[in-house]
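Protein chains in written order, with UniProt numbering: chain D, 1 to 210; chain R, 1 to 210. Worksheet for the structure shown next.
Number of protein chains: 2
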Amino acid sequence: MAYRETEKMRNRKAEARKRIIECTYGCVADGGFRSAQITRIAACAGVATGTIYRHFESKEDLFAEIFRIATQREVDKVAEALSAEDNAVSRLEVALRQFAERALRGPVMAWSLIAEPVDPKVEEERLKFRRAYAQLFEQAIRDGIKEGCLPDQDARQSSTCLVGAIAESLVGPLSPAQADTAEQAETNDHNPLVNSIICFCMQGLTGTRR
Amino acid sequence: MAYRETEKMRNRKAEARKRIIECTYGCVADGGFRSAQITRIAACAGVATGTIYRHFESKEDLFAEIFRIATQREVDKVAEALSAEDNAVSRLEVALRQFAERALRGPVMAWSLIAEPVDPKVEEERLKFRRAYAQLFEQAIRDGIKEGCLPDQDARQSSTCLVGAIAESLVGPLSPAQADTAEQAETNDHNPLVNSIICFCMQGLTGTRR
DNA sequence: ATAAATAGTGAATCATTATTCATTCTTTGT
DNA sequence: ACAAAGAATGAATAATGATTCACTATTTAT
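If you want it as structure tokens, here you go:
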């Protein structure tokens, strides 16, 4: 025997892998999954196209991983907002605002995560992503019901509606055609758009029954 | 001169066009846009692939038209529900139910219209489609505010949230993986899913302020 | 230094479909 | 019947971009 993988090599490979991931992330944040071709990613990462395939089974797998990473960041932020020491209604409100404002701040990535057409494996991740959000909200809603600050309701269904209402409200402002409009939001953190969305959502949660 | 387009020919061409549209509609309703390849559509319509291009500029154009037609049907149904003689709140509730129930009854088409990845030109139609719904709801909300049965609110924003909440709630049940679950709905018109969605939405609209 | 083992390369290949266009078939008016 | 005009055909082409793989380079242990 002559060659055996050594620490040094392992590190180098890990770095290359990391670089590929970062470049893919960058490409997606910049122009969506559509614009992230293997050739471009490879060039950006300073490796040959073939090298990508030493680190990932396929483009779909790479994309799925990028999606997971990007998603995790967002979900973590919302989870953080929901774990504050406060009543459920306030926590939900802060979390919803976090969700919407972050999306408006990174519109291309948000659009990719929410609405860009993607391949099946990535779409699968998207469903998980949405469910992850919904589950966080769902738990908070249950808390709220227990605390008595929310009326009894189908927590799962309400959480799904929350995700939908926010996502839909953002699709317009986020769609590539209107990136400029969204950019304004970057400099304006008292965004009336966000306020209206949250108003509807909070009413949906807290409103009295007819 | 020897040949000039005659009524008979115009009819025949119109029929061919109609047949192409119907077959495309059928393919989409059956397996989504993805499964509607030109070859298959042509075979189904009993014409050569080239013939498709005598009637439509491109596949995208054909799809965009199909999308418009399918959409119009749905939007019309909602518009109908909203034009009833009743107060705005009741009309909105009936319309929302119409929207959701029709989607569950034709899950593949609904999925294609709401969530299937499609090409840019078709995606454009989708945005219009969603806006068309939103506009209908928006007007009804304005009516409701005027009538006094809805509290003052940003009608446009609320309507967008309505569309989002419903669409999101349906994406899970509609996604191709779960076509079977949706089929149950076909035989069960007292669907609890629909009721929960509508409950949230109506609260979002009517709820008291905190 | 040498050889075994693995890593990296990138031009060539493959796969998928939409689209074209040279050709054939139909219709129409004389 | 004939020829002009247009309609229909579908095999061939084009375009795109992911993936492969024969080859070169590098690393390691002796």
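Even for Gly, the Cβ is constructed at its ideal location relative to N, Cα and C.
(request) Note down, in chain order, each residue of its chain lying with its Cβ closer than 7 Å to the Cβ of valine 89 of chain R, except the 5 sequence neighbours on either side. (result) Apart from sequence neighbours up to five positions away, the residues of its chain that approach valine 89 of chain R with a beta-carbon distance below 7 Å are Gly144, Cys149, Leu150, Thr206, ordered along the chain.
(request) Name, please, each residue of chain R whose Cβ falls closer than 7 Å to the Cβ of glutamine 98 of chain D. (result) Scanning chain R for C-beta atoms nearer than 7 Å to the C-beta of glutamine 98 of chain D yields nothing, as the closest lies near 18 Å away.
(message) Less than 8 Å between the C-beta atoms of phenylalanine 99 of chain D and isoleucine 166 of chain D, yes or no?
(response) Cβ atoms of phenylalanine 99 of chain D and isoleucine 166 of chain D: closer than 8 Å.
(request) Kindly give me the distance between the Cβ atoms of threonine 71 of chain D and leucine 113 of chain D, rounded to whole angstroms, as I take these residues to be in contact under 8 Å. (result) 6 Å between Cβ atoms; contact.
(request) Answer yes or no: does any C-beta atom of chain D fall closer than 8 Å to that of valine 163 of chain R? (result) Any Cβ of chain D closer than 8 Å to the Cβ of valine 163 of chain R would place that residue at the interface, and such an atom is present.
(request) Might you give, ordered along the chain, the residues of its own chain that have their beta carbon closer than 8 Å to the beta carbon of alanine 14 of chain R, omitting 5 neighbours on each side? (result) So the list is empty, once near-sequence residues are dropped.
(request) Starting from the beta carbon of glutamate 168 of chain D, find every residue of chain R whose beta carbon is closer than 8 Å, and list them in chain order. (result) The contacting residues are Arg130, Thr160, Cys161, Val163, Gly164, Ala165, Ala167, Glu168.
(request) Note down the Cα distance separating glutamate 85 of chain R from leucine 92 of chain R, rounded to an integer number of angstroms. (result) If you take the alpha carbons of glutamate 85 of chain R and leucine 92 of chain R, they lie about 12 Å apart.
(request) Measuring alpha carbon to alpha carbon, tell me which of D/Lys59, D/Arg54, D/Arg102, D/Met9 ends up nearest lysine 77 of chain D. (result) For the residues D/Lys59, D/Arg54, D/Arg102, D/Met9, the minimum Cα distance to lysine 77 of chain D belongs to D/Arg102.
(request) Pull out every residue of the UniProt domain "HTH tetR-type" (14-74) of chain D whose Cβ sits closer than 9 Å to any Cβ of chain R, in chain order. (result) Against chain R - using a Cβ distance shorter than 9 Å - the UniProt domain "HTH tetR-type" (14-74) of chain D contributes no residues.
(request) Would you kindly check if the distance between the Cβ of serine 196 of chain D and the Cβ of glutamine 139 of chain R is under 8 Å? (result) The answer is no: Cβ separation not under 8 Å.
(request) Locate the alpha helix (DSSP H) running through cysteine 201 of chain R, then write down its first and last residues. (result) Cysteine 201 of chain R -> alpha helix (DSSP H) spans 192-206.
(message) Counting only beta-carbon separations shorter than 8 Å, does serine 112 of chain D have a partner in chain R?
(response) No, because no Cβ of chain R sits closer than 8 Å to the Cβ of serine 112 of chain D.
(message) Is the beta carbon of cysteine 201 of chain D closer than 8 Å to that of leucine 96 of chain D?
(response) Going by C-beta atoms, leucine 96 of chain D is nearer than 8 Å to cysteine 201 of chain D.
(message) Please report the distance separating the alpha-carbon of proline 120 of chain D from that of glutamate 116 of chain R.
(response) Taking the straight line joining both Cα atoms gives about 10 Å.
(message) Checking 8 Å against the spacing of the C-beta atoms, do serine 169 of chain D and glycine 164 of chain R come in under that value?
(response) Here serine 169 of chain D is near glycine 164 of chain R, since their CB atoms are less than 8 Å apart.
(request) Take the Cβ of alanine 48 of chain R as the centre, count every other Cβ of all protein chains shown within 10 Å, and call the residue buried at 16 or more, exposed below. (result) With fewer than 16 other Cβ atoms within 10 Å, it is exposed.
(message) At a CB distance below 8 Å, what residues from the region 188-206 of chain R approach chain D? Give them in sequence order.
(response) Those residues of the region 188-206 of chain R that come within reach of chain D (Cβ to Cβ, closer than 8 Å) are Leu193, Ser196, Ile197, Cys199, Phe200, Cys201, Met202, Gln203, Gly204, Leu205, Thr206.
(message) For phenylalanine 67 of chain D and threonine 39 of chain D, what's the separation of their Cα atoms in angstroms?
(response) Whole-angstrom Cα-Cα distance: 19 Å.
(message) To the nearest angstrom, how far is the alpha carbon of glycine 26 of chain R from that of glutamate 125 of chain D?
(response) Taking the straight line from one Cα to the other gives about 29 Å.
(request) Tell me whether tyrosine 25 of chain R sits in a helix, a strand or coil according to DSSP, three-state version. (result) In this structure, tyrosine 25 of chain R counts as helix in the three-state DSSP scheme.
(request) Mark glutamine 203 of chain D as exposed unless 16 or more other C-beta atoms lie within 10 angstroms of its C-beta, in which case mark it buried. (result) Answer is buried; the Cβ neighbour count reaches 16.
(request) Measure the beta-carbon distance from glutamine 162 of chain R to alanine 79 of chain R and round it to whole angstroms, keeping in mind my assumption that it falls under 8 Å. (result) For clarity, residue 162 of chain R is leucine in the given sequence; the question names glutamine instead. Their Cβ separation, rounded to whole angstroms, is 15 Å, which puts leucine 162 of chain R and alanine 79 of chain R out of contact at 8 Å.
(message) At the 8 Å Cβ level, is valine 118 of chain R part of the contact set with chain D, yes or no?
(response) Look at valine 118 of chain R: its C-beta is under 8 Å from a C-beta on chain D.
(message) Rounded to whole angstroms, what is the Cα-Cα separation between phenylalanine 129 of chain D and glycine 46 of chain R?
(response) Phenylalanine 129 of chain D and glycine 46 of chain R have their alpha carbons spaced roughly 43 Å apart.
(request) Within the same chain, show all residues whose beta-carbon is closer than 6 Å to that of isoleucine 94 of chain D, passing over the 5 residues directly before and after it, in chain order. (result) Checking the sequence shown, residue 94 of chain D turns out to be valine, not isoleucine. So the qualifying residues of the chain are Ala81.
(message) Going by C-alpha to C-alpha distance, which of D/Ala134, D/Val75, D/Glu5, D/Asn87 sits closest to alanine 110 of chain D?
(response) Comparing alpha-carbon positions, the option among D/Ala134, D/Val75, D/Glu5, D/Asn87 lying closest to alanine 110 of chain D turns out to be D/Val75.
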